[in-house]
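In my numbering, the protein residues as written are 387 to 503.
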């Protein structure tokens, strides 16, 4: 396998109207870490791991991003308490996940790897 010197990831979710979903993302992730250009917001969700939200007028939003957490139950309860419509936790024994859809139709899947060791 080739050795790569990757240091970061930056998945991009597109939305047709950034202003319409910006407050939803601020409630979920806090204020954007970087605003690199008009119509683009970026959050560093863990060291070296980012999510970019980009406005693409007329885009057919159906993107997704997976975010790993160390305690899905705690995150799930917190998001429910904050009013987010997050799906139920699904347990596949090696991984647990719950999905959250943004107002534009993108999916954020929160996962927790289960340590069976």
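C-beta: ideal position from N, C-alpha, C; glycine also.
A straight-line Cα-Cα distance of about 8 Å links residue 488 and residue 407. Residue 473 and residue 401 have their C-alpha atoms spaced approximately 21 Å apart. Bounds of the beta strand (DSSP E) holding residue 426 are 426 to 432. Excluding residues up to 5 positions away in sequence, 481 lie with their Cβ nearer than 6 Å to the Cβ of residue 499 in the same chain. Per DSSP, the continuous beta strand (DSSP E) segment holding residue 440 begins and ends at 435 to 441. In this structure, 451 is the residue among 483, 451, 414 with its C-alpha nearest to the C-alpha of residue 494.
Listed in chain order, the non-local C-beta contacts of residue 490 below 7 Å within the same chain comprise 401, 402, 407, 447, local neighbours out to five positions each way being set aside. Annotation for residue 441: 400, 401, 402, 403, 404, 425, 426 place their beta carbon closer than 8 Å to its own, counting only its chain and skipping 5 residues before and after. Taking all protein chains in view, the Cβ of residue 392 is surrounded by fewer than 16 other Cβ atoms within 10 Å, so the residue is classified as exposed. Nearest to residue 479 by C-alpha distance, out of 434, 497, 411, is 497.
Each residue's CA atom was taken as its position, placing residue 486 and residue 421 some 23 Å apart.
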